[in-house]
Amino acid sequence: MAVNKNSIGYTVTFAIVLVTICGALLATLATSLKPAQKANVDNEKRQFILAAAGAYKMEDLKAMEKAEISKIFDEKIAQNVFDVNGNEIEGEKAFNIDIVKEFKATKNDASIRKYPMYTFKDAGKEKYIIPMAGNGLWGPIWGYIALGSDKNTIEGVVFDHKGETPGLGAKIAEQTFQDLFTSTTKKIMSDEGKYYGIKVVKGGLKNPNHEIDAIAGATITSNGVGEMLEPGFKPYMRAFGNEIK
Amino acid sequence: MSTQKESLFSKKNMKLIKDPLNDSNPISIQVLGICSALAITIMLENAFVMSMSVLFVLIMANVVVSLIRNLIPDKIRIIVQLVIVATLVITVDQILKAYVYEVSKQLSVFVGLIITNCIIMGRLEAFALGNKPGPAFLDAIGNAFGYTWILLVVGFVREVFGSGSVWGIKFIPDSWLIDNGGFYEHNGLMLLSPIALFLVASVIWVQRSKNRKLIEEN
Numbered sequence: 044m045a046v047n048k049n050s051i052g053y054t055v056t057f058a059i060v061l062v063t064i065c066g067a068l069l070a071t072l073a074t075s076l077k078p079a080q081k082a083n084v085d086n087e088k089r090q091f092i093l094a095a096a097g098a099y100k101m102e103d104l105k106a107m108e109k110a111e112i113s114k115i116f117d118e119k120i121a122q123n124v125f126d127v128n129g130n131e132i133e134g135e136k137a138f139n140i141d142i143v144k145e146f147k148a149t150k151n152d153a154s155i156r157k158y159p160m161y162t163f164k165d166a167g168k169e170k171y172i173i174p175m176a177g178n179g180l181w182g183p184i185w186g187y188i189a190l191g192s193d194k195n196t197i198e199g200v201v202f203d204h205k206g207e208t209p210g211l212g213a214k215i216a217e218q219t220f221q222d223l224f225t226s227t228t229k230k231i232m233s234d235e236g237k238y239y240g241i242k243v244v245k246g247g248l249k250n251p252n253h254e255i256d257a258i259a260g261a262t263i264t265s266n267g268v269g270e271m272l273e274p275g276f277k278p279y280m281r282a283f284g285n286e287i288k
Numbered sequence: 457m458s459t460q461k462e463s464l465f466s467k468k469n470m471k472l473i474k475d476p477l478n479d480s481n482p483i484s485i486q487v488l489g490i491c492s493a494l495a496i497t498i499m500l501e502n503a504f505v506m507s508m509s510v511l512f513v514l515i516m517a518n519v520v521v522s523l524i525r526n527l528i529p530d531k532i533r534i535i536v537q538l539v540i541v542a543t544l545v546i547t548v549d550q551i552l553k554a555y556v557y558e559v560s561k562q563l564s565v566f567v568g569l570i571i572t573n574c575i576i577m578g579r580l581e582a583f584a585l586g587n588k589p590g591p592a593f594l595d596a597i598g599n600a601f602g603y604t605w606i607l608l609v610v611g612f613v614r615e616v617f618g619s620g621s622v623w624g625i626k627f628i629p630d631s632w633l634i635d636n637g638g639f640y641e642h643n644g645l646m647l648l649s650p651i652a653l654f655l656v657a658s659v660i661w662v663q664r665s666k667n668r669k670l671i672e673e674n
């Protein structure tokens, strides 16, 4: 070959050509797969909301077609978005708010955050599904908490996470942990109308209506869930007409 | 050209496929790519998708690197290999996210980590750089299947004893479980990564007792 393969000019040219080709290929691929990927993410979000509402089991939802889930979702779910004081923000669609991105974008100032809510209506009964996001050990955690028609008692939860440790923090996404929220009565407000939220505590529950046992060995993830759940209901409780300082 | 075609399936070339399945298996003999073998073998389906991802990346990378082996400047050859592997891995990752979302969530970071899988870098550096695309293709198939069969064995054992299912299909009825008043309990250890280490070690043990020339002298 006439070209000197070890010259700097050749090396640089080779690198530039290679990177340009690879970059162009990936850009084309990413753009063309984007709609299919977004459909998957949206579908999962609908599954979580419907599962939290307790109307469907997660396994059944996973077996359903996307179009079917989307149809049920549109029929039975109403959407609202509130500001921190519980006033409705007009013209916003709850489904368009990515709760994790919204949490990250407003992490220094929760007062400008938008608070989406989904209302599930079936057979005259209503459930209020509240999405929330927080920080786990390795990345974001998020969840959907369904309140019953008294707008206070938890009737279902679904949590998920980006990359918590399997067997430890990742347990928040397992049924055993999520059942803690519904096996005994958990309430956001006390009977006297004081706001508690849900705390995650170690070493036994002192206030069983407003507390959940932490996961052993997953302190930081448990704390993250607590920090997410304790103040997280305030804007919604305000929207429901409670006085909260 | 015809001589090259003929020699593609010659005895020497078939060795490229057979050896990595047994005598120079990337996992059990060379002990490479262990990290992913431990992490994603809880379910057979995950192990299979992971294996197919590695198969795709390894074949494409081996062939591409072999095709341009005479053009790659020596000074940046590792970087060039990395760029090619990374491009392929991101391709796989994007496709999984679009078409098998559930599995891609479970494989999480491990698809991305194929980039650093020693089996791939090892084959590129040791084989593709010095051989024609045909043999490089066979070498990739051999090594990828050497990786695959171990992952599938480990995945099968872990799923059967850990979850009582094969490929997601349960064969142990819920009524057998102690929780439901039965007599059976799934082995929780099977769901944790360390057990894969024991299983891979068992494979190595069985393999070496059957194939005595693999046992080291000392």
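Going line by line, the protein sequences match chains A and B.
Quick note: the first sequence uses the numbering used here, first residue 44, plus one each step.
Quick note: the second sequence uses the numbering used here, first residue 457, plus one each step.
Just so you know, even glycine gets a beta-carbon here, dropped at the ideal spot from N, CA and C.
Where the beta strand (DSSP E) through residue i begins and ends
i               : result
M160 of chain A : 158–165
I490 of chain B : Looking at the DSSP string, I490 of chain B is not in any beta strand (DSSP E); the run it does join, the alpha helix (DSSP H), is 490–495.
L544 of chain B : Per DSSP, L544 of chain B belongs to no beta strand (DSSP E); it is in the alpha helix (DSSP H), 533–555.
I243 of chain A : Reading off the sequence, residue 243 of chain A comes out as Val, not Ile. Here the beta strand (DSSP E) through V243 of chain A covers 242–244.
A189 of chain A : 183–190
D595 of chain B : It is not in any beta strand (DSSP E) - D595 of chain B instead sits in the alpha helix (DSSP H) that spans 589–619.
G199 of chain A : 197–204
First and last residue of the uninterrupted alpha helix (DSSP H) at residue i
i               : result
M175 of chain A : Per DSSP, M175 of chain A belongs to no alpha helix (DSSP H); it is in the beta strand (DSSP E), 168–178.
F91 of chain A  : 51–95
T225 of chain A : 218–226
G429 of chain B : Chain B is shown only over 457 to 674; residue 429 of chain B falls outside these bounds and no answer can be derived.
A582 of chain B : 574–582
I473 of chain B : 467–477
D103 of chain A : 101–106
Same chain only: Cβ atoms within 7 Å of residue i, ignoring 5 sequence neighbours per side
i               : result
F639 of chain B : W632
K237 of chain A : none
A95 of chain A  : I172, Y187, I188, A189, G199, V200, V201
A592 of chain B : N518, V519, S522, F583, A584
D475 of chain B : G598
G618 of chain B : I498, H642, N643, M646, L647
G269 of chain A : K242, V243
L494 of chain B : S649, A652, L653
I496 of chain B : N502, A503, M506, L563, F566
K119 of chain A : F163, K164, D165
K669 of chain B : none
K245 of chain A : A257
L472 of chain B : P591, L594, D595, G598
Residue i CB to nearest heavy atom of the ligand MN below 8 Å
i               : result
A517 of chain B : This structure simply doesn't include the ligand MN, nor any ligand for that matter.
Neighbourhood of residue i by C-beta, 8 Å cutoff - its chain only, sequence neighbours within 5 removed
i               : result
A82 of chain A  : K109
V622 of chain B : L500, F612, E615, V616
M232 of chain A : N195, Y238, Y239, M280, N285
I263 of chain A : G179, L180, G212
K86 of chain A  : The identity of residue 86 of chain A in the sequence shown is Asn, whereas the question assumes Lys. Contacts found: K109, I112, S113.
Beta bridge counterpart(s) of residue i as assigned by DSSP
i               : result
I120 of chain A : A:F163
I634 of chain B : Paired residues: none, contrary to the question.
Y640 of chain B : B:L633
E501 of chain B : Paired residues: none, contrary to the question.
V659 of chain B : In DSSP, V659 of chain B forms no bridge with anything.
F17 of chain A  : No statement about residue 17 of chain A is possible, as the shown extent of chain A runs from 44 to 288 and does not include it.
K626 of chain B : B:S621
I125 of chain A : In the sequence on display, residue 125 of chain A carries Phe and not Ile. For F125 of chain A, which the question treats as bridged, DSSP gives the partners A:E131, A:Y158.
Same chain, Cβ closer than 6 Å to residue i, neighbours up to 5 away in sequence not counted
i               : result
S458 of chain B : In this prediction, S458 of chain B scores a pLDDT of 43, lower than 50, which makes its location untrustworthy; the coordinate-derived value is nonetheless stated afterwards. Nothing meets the Cβ criterion.
K48 of chain A  : none
S113 of chain A : none
K277 of chain A : I287
D117 of chain A : none
I92 of chain A  : Y161, I172, Y187
Interfacial residues, the stretch 604–633 of chain B to chain A, with Cβ spacing under 7 Å: none
Near-chain A residues of the stretch 506–518 of chain B - C-beta to any C-beta below 7 Å: none
Enumerate, from N- to C-terminal direction, the unbroken beta strand (DSSP E) stretches of 3 or more residues contained entirely within the stretch 232–281 of chain A. 242–244, 254–256
Short-range partners of chain B found in the stretch 62–77 of chain A, where Cβ spacing is below 8 Å: V62, C65, L68, L69, L72, A73, L76
Between the stretch 103–124 of chain A and chain B, which residues of the former have CB atoms less than 8 Å from a CB of the latter, in chain order? K105
Short-range partners of chain A found in the stretch 642–667 of chain B, where Cβ spacing is below 8 Å: L647, L648, S649
Along the stretch 210–233 of chain A, what residues have a CB closer than 8 Å to any CB found in chain B? G210
Output, in sequence order along the chain, the residues in the stretch 45–56 of chain A whose CB is closer than 7 Å to any CB in chain B. K48, N49, Y53, T54
Identify each residue in the stretch 81–101 of chain A for which the Cβ-Cβ distance to at least one residue of chain B is less than 9 Å, and report them in chain order. A82, N83, V84, N86, E87
When Cβ atoms are compared, which residues of the stretch 186–209 of chain A fall closer than 7 Å to chain B? G206
What are the residues in the stretch 520–543 of chain B lying within 9 Å of chain A by C-beta distance? I524, N526, L527, I528, P529, D530, K531, I532, I535, V536, V539, I540, A542, T543
Note down, in chain order, all residues in the stretch 545–571 of chain B with a beta-carbon under 8 Å from any beta-carbon belonging to chain A. I546, T547, Q550, I551, K553, A554, Y555, Y557, E558, S564, V565
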